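Below you'll find the structure, written out as structure tokens, and then a few comments.
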Amino acid sequence: MSALSRVDSRRMKTLLVIDASARLNRSVTRHLTQRVAANWLRLYPTGSVQHLDVGRHPPPAIDENWIAAAYTPAGQRTPEMHAALAASDRYVDQLLAADAIAIGAPLYNFGMPAQLKAYIEQVVRVGRTFEFNRDGKDPYLGLVGNKPTLLITSSGASRVVATSSGPETSYLEPQLLTTLELMGIRDVTLVAFRGQQEDSAHIARALAVAEREIDAWLPKAVGDTVAQNPEAAGVTIAECSR
Ligand SMILES: Cc1cc2nc3c(=O)[nH]c(=O)nc-3n(C[C@H](O)[C@H](O)[C@H](O)COP(=O)(O)O)c2cc1C
2 MSALSRVDSR RMKTLLVIDA SARLNRSVTR HLTQRVAANW LRLYPTGSVQ
52 HLDVGRHPPP AIDENWIAAA YTPAGQRTPE MHAALAASDR YVDQLLAADA
102 IAIGAPLYNF GMPAQLKAYI EQVVRVGRTF EFNRDGKDPY LGLVGNKPTL
152 LITSSGASRV VATSSGPETS YLEPQLLTTL ELMGIRDVTL VAFRGQQEDS
202 AHIARALAVA EREIDAWLPK AVGDTVAQNP EAAGVTIAEC SR
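Numbered as in the numbering used here, the sequence shown ends at 243 without a single skipped number.
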């Protein structure tokens, strides 16, 4: 039986696609997230794709009022506090409503783009996407649910590693994976395209690998969502560097 024929159309609804590249043209991550979205609608015609373009429309940076409001219990917030959290609440509602997530994240200056970090700041919310877990062995309790998530990254260098320093360093993937886990998202597939600044033959080869990984993710995501498997965990990593 194919993944598609197993889909329960009442439960399978929305893919949230988050694009963070500042480039609207020639972006590797945008090319790949568009492929995920097209695949989603082809495999799941009654589904929908929510597109959040933080690369084009960066979320506001959090400020002192935001922090004071976020750490005030919901029932005690003033109207001004609710206003300070309005954008954050919309981002969180959208995240909670998604059945699966695809994130396109370029590597900028050894880490994530500021616009994606601004989004992360808006959605990491105590009481909404995580709780402190003072008695448990994990310090945090994720509240988002273990949604199947495809993390697509792209770097200019063809060899990128999460080390403490050096020109090939990337803090992008470790920081995003840790933050997703904090919110309870542990079923993550990472497709890491490497070498956007290499020659065209390299780019064509690495893109073909990335596209194959992305196409393979979707039937798995559909299956996981239908099964609602809370135990699905662990990061699957595809390095697309040659
Ligand atoms: C502002 C900026 C900073 C970048 N910093 C790095 C970096 O630290 N390491 C690296 O390997 N590539 C770096 N690059 C290259 C990008 O990671 C690469 O072009 C990637 O494909 C961008 O994603 P996109 O194609 O979706 O726009 C940088 C690019 C820009 C525009």
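Backbone N, C-alpha and C fix where the C-beta goes; we use that ideal spot for every residue, glycine too. These figures come from a predicted structure and were not determined experimentally.
- Item | Through-space distance from V18 to A39, alpha-carbon basis | 11 Å
- By Cβ distance below 8 Å, which residues in the same chain neighbour M82 in space, the five residues on each side in sequence not counted? N66, A69, A70 and T73
- Run through DSSP, which three-state label would Y120 get? helix
- Whose C-beta lies closer than 7 Å to the C-beta of R126 among residues of the same chain, with five residues either side of it excluded? A71, S89 and V93
- Are the beta-carbon atoms belonging to A106 and V37 less than 9 Å from one another? no
- Message: I'd like to know whether the C-beta atoms of G128 and I186 end up nearer to each other than 9 Å.
- Response: no
- Task: Classify V29 as helix, strand or coil using the three-state DSSP reduction.
- Result: helix
- Query: Are the region 150-165 and the region 192-200 touching, with three or more C-beta to C-beta distances below 8 Å?
  - Reply: yes
- V1 CB to nearest heavy atom of ligand 1 below 8 Å: For the chain, the structure presents residues 2 to 243; residue 1 sits outside this window and is missing.
- Message: Here's a check: name, in chain order, each residue in its chain whose Cβ is nearer than 8 Å to the Cβ of M2, leaving out the five neighbours to either side.
- Response: Note that M2 has pLDDT 38, beneath the 50 cutoff, so the model's placement of it is unreliable and no number is given.
- Leaving out five residues on either side along the sequence, give the residues of the same chain with a beta carbon under 7 Å from the beta carbon of P80. none
- Query: With respect to the beta strand (DSSP E) encompassing Y92, which residues constitute its N-terminal and C-terminal limits?
  - Reply: Per DSSP, Y92 belongs to no beta strand (DSSP E); it is in the alpha helix (DSSP H), A87 to A98.
- Message: Cutting at 8 Å between CB atoms, please list the residues of its own chain near E1, excluding the five before and the five after it.
- Response: This structure gives no information on residue 1, because the portion of the chain shown stretches from 2 to 243.
- Query: How about A119: is its Cβ closer than 8 Å to a heavy atom in ligand 1?
  - Reply: no
- Item | Residues sharing a beta bridge with G327, DSSP | This structure does not reach residue 327, given that the chain is present from 2 up to 243, and the question cannot be answered.
- Task: Decide if P61 is buried, meaning its Cβ has at least 16 other Cβ atoms within 10 Å, or exposed.
- Result: exposed
- Task: Indicate whether V55 and Y120 have their beta-carbon atoms separated by less than 9 Å.
- Result: yes
- For L219, which three-state DSSP category applies? helix
- Determine the direct distance from the alpha carbon of P149 to that of E214, and round the result to whole angstroms. 14 Å
- Message: When you measure from the CB of V161 to every non-hydrogen atom of ligand 1, does any distance come out below 8 Å?
- Response: yes
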